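2 protein chains.
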Amino acid sequence: MASASNDGTAPDPWHAQLGALGAFIRAQRQLADLSLREMAALTRISNAYLSQVERGLHQPSLTVLRAIADALGLTTDQLLAKAGWTRAVADDVPPGQQANTEASIRSDPRLTEAQREALLGVYRSFIEGRSGRSGG
Amino acid sequence: MASASNDGTAPDPWHAQLGALGAFIRAQRQLADLSLREMAALTRISNAYLSQVERGLHQPSLTVLRAIADALGLTTDQLLAKAGWTRAVADDVPPGQQANTEASIRSDPRLTEAQREALLGVYRSFIEGRSGRSGG
DNA sequence: GGGCATTGCTTGACATACTTATCAAACGTG
DNA sequence: CACGTTTGATAAGTATGTCAAGCAATGCCC
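In order, the protein sequences belong to chains A and B. Under my numbering, think of the first position of the first sequence as 1, with each following residue one higher. Under my numbering, think of the first position of the second sequence as 1001, with each following residue one higher.
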């Protein structure tokens, strides 16, 4: 049912990406010698849905993706990169001496871990942006 | 208009991450001097939904996340990191650095005025509402 | 030949992401 | 003050992700 074959509308590229992602997941699962149900038990995701994801019928949410990567012993980066979701950006920023503000944020007791991360992210993105960015 | 940052909702880690992600997106958008509707036009995502994402009310899908990253000139990875996707590689913080974060931000020569204001805004929004909440 | 467990897959119901239309407040103009 | 515009936020609806339950096929034991 509801297969996207007869849609008629513009074929969004996500179909292809989903196919690749699903195939990759399936390959990894079989490598690990897991059945759908076993993997379902590991990920707390229904075998039904896993099946659909592996066949590229659905776009899994971040939560699901993470659970899958976790169960397969992969990093989430590997999963997405394999599927072509992340644009690889060889853009490493070695933190040289810009430690003043960063250190303050890191040691600020008023921030929760999540907040700390977010704030550091904002700050770093500010600094990185000035160093020059490859236009695409 | 409630619109207060602190709703008193359940403190699931899920929520914290979403809040961080939303705050980050909002900061970036304002840095780029975009309104919600302008950004909506760029991302093809409704301003309404963008508003909800920025306030941490929803967990955006990969597609949406990517569109946002694209519009803001960020890499998908940067956004993904805030979305709780990457495991935080906690860096060590040199002791003795504990100081006034606000002051550090203010005196940071690497920040422009606009960035300074944005960062301070995020920081203040974080620590707002937790004042005087020490009992437990 | 008949059972029973295990495999991947489909179906129908629900939860959540996402959209279109609309709102109230803040801005400026005459 | 009336008017139009722009802002962020809300409501109700649509699309899509996700699950629990069940089906056809395969393999094993009798």
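Beta carbons: idealized from backbone N, C-alpha and C, even for Gly. Quantities reported herein were computed from a predicted structural model and do not represent experimental measurements.
Spatial neighbours of residue i within its chain, please: C-beta separation below 6 angstroms, excluding the five flanking residues on both sides.
i	result
A1027/B	A1118, V1122
L1079/B	L1065, A1069
L1042/B	A1071
T75/A	none
A1088/B	Because A1088/B sits at a pLDDT of 39, beneath the cut-off of 50, its placement in the model cannot be relied upon, and the point is left open.
S1003/B	A caution first: S1003/B carries a pLDDT of 33, below 50, which makes its placement in the model unreliable, though a value can still be read off. Here the set comprises nothing.
R1124/B	none
Under 7 angstroms Cβ to Cβ from residue i, same chain only, skipping five residues before and after it: list those, please.
i	result
G22/A	V53, E54, R55, G56
R1106/B	R1116
L1036/B	N1047, L1050, S1051
A1032/B	L1072
M1039/B	R1029, L1050, A1071
S1134/B	Residue placement at S1134/B cannot be trusted, given a pLDDT of 38 that sits under 50; what the coordinates show is reported in the next sentence. None.
L34/A	none
Exposed or buried, what is residue i when buried is set at 16 or more other beta-carbons lying within 10 Å of its beta-carbon?
i	result
P952/B	Since the first residue of chain B shown is 1001 and the last is 1136, residue 952/B is not available in this structure.
S62/A	Contrary to the premise, residue 62/A reads as Leu rather than Ser in this sequence. It is buried - the Cβ of L62/A has at least 16 other Cβ atoms within 10 Å.
A103/A	buried
R1029/B	buried
Give the single residue among the options whose Cα lies nearest to the Cα of residue i.
i	options	result
P1109/B	L72/A, Q30/A, T101/A, T43/A	T101/A
L1072/B	A1020/B, F1024/B, L1018/B, Q1017/B	F1024/B
R44/A	D33/A, A67/A, A32/A, L120/A	A67/A
Q1018/B	A1081/B, M1039/B, E1038/B	According to the sequence provided, residue 1018/B is Leu. The question's Gln does not apply to it. Ranking the options by Cα distance to L1018/B, first place goes to A1081/B.
Among the residues of its own chain, which have a CB less than 8 angstroms from the CB of residue i, if the five just before and after it don't count?
i	result
D1091/B	Per-residue confidence for D1091/B stands at a pLDDT of 40, beneath the threshold of 50, marking its modelled position as unreliable; the derived number appears in the next sentence. Counting only Cβ-Cβ distances below 8 angstroms, and skipping sequence neighbours, we find nothing.
H58/A	L18, Y49, Q52
L120/A	E102, I105, R106
L111/A	I105, L119
Next item on the list: Just list the alpha helix (DSSP H) runs in the stretch 37–69 of chain A, keeping only unbroken ones of 4 residues or longer that don't cross its boundaries, in chain order.
Entry: Runs of the alpha helix (DSSP H) lying entirely within the stretch 37–69 of chain A and spanning at least 4 residues, in chain order: 47–54.
Notebook entry, point to check: Using a Cβ cut-off of 9 angstroms, which residues of the stretch 1031–1062 of chain B contact any Cβ in chain A, in chain order?
Noted result: Shown in chain order are the members of the stretch 1031–1062 of chain B whose Cβ falls below 9 angstroms from a Cβ of chain A: L1031, Q1059, P1060, S1061, L1062.
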